[in-house]
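In the numbering used here, the protein residues as written are 76 to 155. Glycine included, every Cβ here is placed at the ideal spot set by N, Cα and C. Predicted model only: the values in this text are computed from it and were never measured.
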C-alpha cells in the first residue's frame, strides 16, 4: 500500500467514527493538560521551598522535636 492510500484510509476512519475520534482527542488533551498542571505545581512548590530555605542561609538548618507554637501548654506537649 502506498503512503497516500494509508493516509486516505485513516482519514476516512476518523471521519466515519466521529464520536470515537472526538473522545480520543478529548482524552489526549486532558492527559497533556494534567501533566502540564502537575509539572507547573511541582515547579511552584520547588521555587517556594528554595526561596524559604534561602532565608535561613547556606549554613543553617533547624530540626525540632515539637512543632513551633503547636502546643498551648506543657500538659499538651507531655501527652503527645
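Query, Result
"Alpha carbon of residue 83 to alpha carbon of residue 102, nearest angstrom", "24 Å"
"Whole-angstrom distance between residue 98 and residue 113, CA atom to CA atom", "22 Å"
"Through-space distance from residue 79 to residue 123, alpha-carbon basis", "52 Å"
"Where the alpha helix (DSSP H) through residue 58 begins and ends", "Lying before the first or after the last residue shown, residue 58 is absent from the chain, which here runs from 76 to 155."
"Distance, residue 120 Cα to residue 134 Cα", "22 Å"
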